[in-house]
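In the working numbering, the protein residues as written are 1078 to 1335.
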């Protein structure tokens, strides 16, 4: 498997594991007795842990090879997934989501770094598009499939399956990512310097705004469908998730090409 395709597959697994809760949020909320606020924390705990943990862990792991970083991150990710599947309480569920986010926060930047380092400068945009294409593809295939499986076999089965996929992905990364690949470590001071640069800060703000505008309604799509279209069931939710995901894949592909 070509390296870029492998990285795209890794991001696909991360995307499903991170966002599978979107398709089963009503089921999960019912089992744990969560109201709207409690349900929102299933994703918010993940988002906050990712936002804080990713830059910290990326800077701390700079001295390790990218192979070890990616494999270690994927194993942490799998621990969070299995913890989610067997969480006995909402508090443990939130904690498992934090662990999942920390794993994803290691894998995603690591995959991006390897993708950029493996191609000539003029192909870096396309390389990033492929590496992160798995996340957008997971919206088309993974999240709707998770919704379907969750409604038919119970939401824990989704996370058990994803744990197995994450472990398999860790093995593949160990076998395929060059063991001697090292990249200049990113430091927290680099992040501070980026935010001090007006043009770069605007780019970061744009990204945050677009991501927030897209992910907030997407997170609650299943709940909104059940509320506004009662009786439609998993089929309608899956169709709407697929429609959203298809457009995300097209946008990612076009952006990478441009």
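All C-beta atoms, glycine included, are put in the ideal place defined by N, C-alpha and C. Source: prediction; values computed, not measured.
Check: Helix, strand or coil at residue 1142 according to DSSP, with G and I counted as helix; Outcome: coil
Check: Pair within 9 Å by beta-carbon distance, residue 1333 and residue 1203; Outcome: yes
Check: Residue 1117 to residue 1296 span [Cα, whole Å]; Outcome: 8 Å
Check: Residue 1106 versus residue 1257 - alpha carbon distance; Outcome: 45 Å
Check: Same chain only: Cβ atoms within 8 Å of residue 1133, ignoring 5 sequence neighbours per side; Outcome: 1265
Check: Distance CB(residue 1235)-CB(residue 1101) smaller than 9 Å; Outcome: yes
Check: Residue 1164 in three-state terms, based on DSSP; Outcome: coil
Check: Residue 1266: first and last residue of the uninterrupted alpha helix (DSSP H) it sits in; Outcome: 1265 to 1273
Check: Same chain only: Cβ atoms within 7 Å of residue 1201, ignoring 5 sequence neighbours per side; Outcome: 1193
Check: Residue 1332 in three-state terms, based on DSSP; Outcome: helix
Check: Three-way DSSP call (helix, strand, coil) for residue 1233 in this model; Outcome: helix
Check: C-alpha gap between residue 1285 and residue 1097, whole angstroms; Outcome: 21 Å
Check: Distance, residue 1269 Cα to residue 1212 Cα; Outcome: 27 Å
Check: Cβ contact (3+ pairs, closer than 8 Å) linking the region 1132 to 1148 and the region 1173 to 1184; Outcome: yes
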